[in-house]
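**Q** I am attaching a structure below and will ask some questions about it afterwards.
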Amino acid sequence: TDNQRVILQITDVNDEPPYFINRPLPMQAVVKLNAAPNTPVFTLQARDPDKDHDIHYFLVRDRTGGRFEVDEKSGVVRTRGSEMFQLDMEYVLYVKAEDQNGRIDDKHFQSTPEERLSIVGGKRPPQFYLPKYEKTIPENAAKDADIISVKAKSFADREIRYTLKAKGQGAGTFNIGPTSGIVKLAKELNFEDVRQPHIYQLVVTATEDSGGFSTAVDLTIKVTDVNDNPPKFDLPDYQAHNIDEDIPIGSSILRVKARDEDSGTNAEITYSVSDDHFRVDNKGIIYNRKTLDADDNNAYYEFMVTATDRGEPAKEGTATIRIYTKNKNDEEPNFSQQVYTPNVDENAGPNTLVTTVVASDKDGDNVEFGFVGEARKSGQFVIEKMTGVIRLHNGPISLDRDKYELNVTAVDDGNCCPGGQHLRHTSTAVVVVFITDVNDNKPVFKDCASYHAKVEESAPNGSPVITVHATDEDKGVNGQVRYSIVQQPNQKGTKFTVDPETGDVTTNKVFDREGEDGKFVSVTVKATDNGDPSLEGVCSFTVEITDINDNPPLFDRQKYIENVKQDTNVGTNILRVSASDEDADNNGAIIYNLTSAANPGDLEYFEVQPESGWIILKKPLDRGEYEVIVTATDQGQTPLTSEVLVRLSIVDRANRPPVWDQRVYEPKRISENISVGQTVYSIKASENRTV
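Next up, the structure:
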């Protein structure tokens, strides 16, 4: 993968109209009564989000009789003419701004709506930046916290002083900075306090210094509720007594009530309970959603009911619920387990304890035990009525089956509750008596004598050899058999492995028939049962290592050198070459033949017997030396060969061989760690000069 940054240049389209940014609104100004022509009295200011805007300012309607004009580019409104302006007279202009690069059609451009500009001759009172002010604050606003900033503009460029007055309730709750116009909270609020209003109607007055004009504006401050009160229950705990445990599901049991001093959603309450046996609705009525049981929890239920408001974050309150129930004889005896599986030895005697069945009744009734049909005996087994003890009977015992199944019953006496004797309950359980085998038979390899395994030498590790099988006449775990290899004495590791479950024997090494493994390898397999204590049997057999043609013939010399008399007769056995092969059968059977060495003509003088290796003279000798190659080839399916050089030197009839300087050389001892290349013996032969 590869990554490449791509930059997209977004080209602006002139699609946004201009807008005025003059503040405060509506637009107001003053003009001196004796203002000279071209005196600036106001500056129109507009913005356009488009990059290529071209804003021009225009008088749309003139209600002044031409006393003012607007600079199309700068937006400056100036006076015209030399006539005096009248005191307190209002001169009204309607203006707009156009983006002349934002054409709508052939005659129109994008523009602002018309705005009214009021110009008064002489003086006029300060103007607030907004016609009215509104602010919403939470009831937990901090004392002395800034609430809102109220500002006014002086047309005489004088300092302005601010004052604050409440209309109706709320005097002293807020104050205002006389020069800053910042309204602050003067005392803490509490939405739940009925003496405090939720809406404060205030009037802010801006007065110019030195007896100047003043003006007022309405300020409305709304206080909102904060979820600062958790729901509270009317009671810390609620109780309901003598509730029948068999009432229908969905029955109303009791009602709880919680209240929240907050307002709105902060005071809306939902209920929940901590026990899933019950549910509660939005009215606080608690119902059972499951069948009640007086036999659990000491005949009463205790849980928590929680009231949660819908504030953010939510708050909650809790109360304790206790519901006391009345018992009914509605429970049957309950066995400690539905199936009992005791074990009895196959050689157990009379009165032997088998097991004890246990049952209890949640209603508190006593329980009586028996076999199905209220019997106290079933076959060779008996049961005690009050204790549930099961034994073998007091008589001859013959446990000849693997298991015996007994159906036992438990019946309550109904003494828990008034009238309970008229409705008795019965429950059943099954006792499966397993007859335990005694481990008195060891595993036996019945076919051990017939095991004749073979494995090919060089077969890879893990090659299959044979599958052995042992049987055990015992039952159950005593008859289950696992296999293992018995390591031979003085043997490092095992040459075979066996699967402990299946008895599959495989190789644990790569065998070499011609090496230390040999032709036959003995292996012993052990079979062990799972009894306690365990018994075992063994089987020993021989694995034949079959041959593969993995060894070439080897000559007994690296080369043969022989002197031959020149007058040797044709047909004479001159020399016998000999090679051996460690493989068996045809893999080790050798055939000899001749090939040429340097001179192909030398083959005309000799031949070799294929099986014996004798080299025989075929033709009278007429040169001083001959060389031939003898090849030995085995008879394996893929034959292997070796070669050896045979050099024959021809001597005349009178030739005398060299003479050794000693007929017998004495033995000499050397150390086993003698260095390679060190002289061991010196022998010598000399020319035979005998006449």
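Taking my numbering, the leading residue of the sequence shown gets 231, the next gets one more, and so forth.
Note that CB positions come from ideal geometry on N, CA and C, so glycine has one too.
(1) With H, G and I counted as helix, E and B as strand and the rest as coil, what does DSSP make of Thr-701?
(2) If we ignore side chains and look at the alpha-carbon of each, how far apart do Asn-459 and Glu-491 end up?
(3) Excluding the 5 residues preceding and the 5 following Leu-289 in the sequence, name in chain order all residues of the same chain whose CB lies nearer than 8 Å to its CB.
(4) Quick check on the DSSP output: the beta strand (DSSP E) that includes Asn-557 runs from which residue to which?
(5) Taking a contact to mean a Cβ-Cβ separation below 7 Å, would you say Phe-771 touches Tyr-681 in this structure?
(6) DSSP three-state label for Ile-240, please.
(7) Taking contact to mean 3 or more Cβ pairs, one atom from each stretch, closer than 8 Å, check whether the stretch 391-398 and the stretch 475-484 are in contact.
(8) Taking only the alpha-carbon atoms, compute the straight-line gap between Asp-284 and Arg-291 and give it to the nearest angstrom.
(9) Would you please state the rounded distance, in angstroms, between the beta carbons of Ile-627 and Pro-572? I believe it to be under 8 Å.
(10) With DSSP as the reference, identify every bridge partner of Val-889, one or two as the case may be.
(11) Let me confirm a value: Arg-877 is counted as buried when at least 16 other C-beta atoms fall within 10 Å, else exposed. Which label applies?
(12) Determine the closest residue to Ile-451 out of Pro-368, Lys-676 and Arg-485, with distance taken between C-alpha atoms.
(13) Using 10 angstroms around the beta-carbon of Arg-893, count the other beta-carbons present and answer buried if the total reaches 16, otherwise exposed.
(14) Does the Cβ-Cβ distance between Ala-589 and Val-602 come in under 7 Å?
(15) In the DSSP assignment, find the unbroken beta strand (DSSP E) run with Arg-712 in it and report its ends.
(16) According to DSSP, is Thr-758 part of a helix, a strand, or is it coil?
(17) If you draw a straight line from the C-alpha of Leu-419 to the C-alpha of Thr-409, how long is it?
(18) Would you report the Cα separation of Val-433 and Val-510, rounded to the nearest angstrom?
(19) Apart from the five residues on each side of it in sequence, which residues of its chain come closer than 6 Å, Cβ to Cβ, to Ala-915?
(20) Report yes if the C-beta distance between Ile-696 and Val-728 is below 7 Å; otherwise report no.
(21) Could you give the uninterrupted runs of the beta strand (DSSP E) lying entirely in the stretch 355-380, keeping only those of 3 residues or more?
(22) Secondary structure at Gly-407, three-state DSSP: helix, strand or coil?
(23) Restricting to Cα atoms, I'd like to know which of Asp-505, Val-794, Ala-578 and Ser-808 is closest to Gln-788.
(24) If we call anything under 7 Å between Cβ atoms a contact, is Glu-703 one with Asn-671?
(25) Along the chain, where does the beta strand (DSSP E) containing Gln-469 start, and where does it finish?
(26) Note down the Cα distance separating Val-881 from Lys-739, rounded to an integer number of angstroms.
(27) Under a Cβ-count criterion, where at least 16 other Cβ atoms within 10 Å of its own Cβ denotes burial, should Val-921 be classed as buried or exposed?
(28) Among Gly-907, Val-906 and Tyr-911, which has the Cα closest to the Cα of Arg-899?
(29) In terms of alpha-carbon separation, which member of Ile-904, Asp-591 and Gly-618 lies closest to Asn-559?
**A** Working from what's here:
(1) strand
(2) Those two C-alpha atoms are separated by around 6 Å.
(3) Phe-298, Glu-299, Val-300, Leu-323, Tyr-324 and Val-325
(4) Per DSSP, Asn-557 lies in no beta strand (DSSP E) segment and is marked neither H nor E.
(5) yes
(6) Residue state, collapsed to three classes: coil.
(7) no
(8) 22 Å
(9) Actually they do not touch by this definition, with Cβ atoms about 15 Å apart.
(10) Residue pairing from DSSP places Val-889 in a beta bridge opposite Ser-916.
(11) exposed
(12) A check of alpha carbon separations from Ile-451 across Pro-368, Lys-676 and Arg-485 identifies Pro-368 as the nearest.
(13) exposed
(14) no
(15) 711-716
(16) strand
(17) 25 Å
(18) 51 Å
(19) Pro-888 and Trp-890
(20) no
(21) Those beta strand (DSSP E) runs which fall completely within the stretch 355-380 and span 3+ residues are 363-368 and 376-379.
(22) coil
(23) Ser-808
(24) yes
(25) 467-474
(26) Near 56 Å, if we compare the C-alpha coordinates of Lys-739 and Val-881.
(27) Note that Val-921 scores a pLDDT of 45, beneath 50, so its modelled location is shaky and nothing firm can be said.
(28) Tyr-911
(29) Asp-591
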